[in-house]
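Participant: Attaching a single structure in structure tokens format; questions to follow.
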């Protein structure tokens, strides 16, 4: 589930803003939720695993983990996750199309 509070920034200097963050902040929470929900469970799992790998995850029950980063680094991470999501969705659609075409090909009657 997408948390819109994630996009809150601490710095109000307009010259320091990231264009992608500005764009995302202008979107309504409903739009962000709809986009987040449109990704399949497989895509969500891949992105979750990718982000955890980038951040490094330790068991929360054994460690008090705190991650400190700059706004730009977080924006880059968000951009990377978004591009990964778009890429994975395109590949998922391609797989579905190939499966559909193969299924149609298997079901077709060959004329002699």
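Residue numbers (the numbering used here): 315 to 426. Glycine included, each C-beta is placed from N, C-alpha and C at the ideal position. For clarity, every value in this text was computed on a predicted model and none was experimentally measured.
Output the distance between the C-alpha atoms of residue 389 and residue 335, rounded to the nearest integer angstrom.
Facilitator: So the alpha carbons of these two residues sit roughly 7 Å apart.
Participant: Helix, strand or coil: how does DSSP classify residue 349 here?
Facilitator: Helix.
Participant: How big is the Cα-Cα spacing for residue 416 and residue 350?
Facilitator: Residue 416 and residue 350: Cα-Cα distance of roughly 30 Å.
Participant: Taking the alpha-carbon of residue 410 as reference, which of 354, 393, 343 has the nearest alpha-carbon?
Facilitator: Answer by Cα proximity: 354.
Participant: Are there 16 or more other CB atoms within 10 angstroms of the CB of residue 414, so buried, or fewer, so exposed?
Facilitator: Counting Cβ neighbours within 10 Å, residue 414 comes out exposed, since fewer than 16 surround it.
Participant: Give the range of the alpha helix (DSSP H) segment to which residue 375 is assigned.
Facilitator: Taken as a continuous stretch (DSSP letters only), residue 375 belongs to no alpha helix (DSSP H), as it is neither H nor E.
Participant: Determine, using beta carbons only, whether residue 384 comes closer than 9 Å to chain D.
Facilitator: Here there is only one protein chain, and chain D is not present.
Participant: Would you call the CB atoms of residue 402 and residue 356 closer than 9 Å?
Facilitator: Yes, the pair counts as a contact, with Cβ atoms nearer than the cut-off.
Participant: Applying the criterion that 16 or more other CB atoms from any shown protein chain within 10 Å of the CB defines a buried residue, is residue 342 buried or exposed?
Facilitator: Label assigned to residue 342: exposed.
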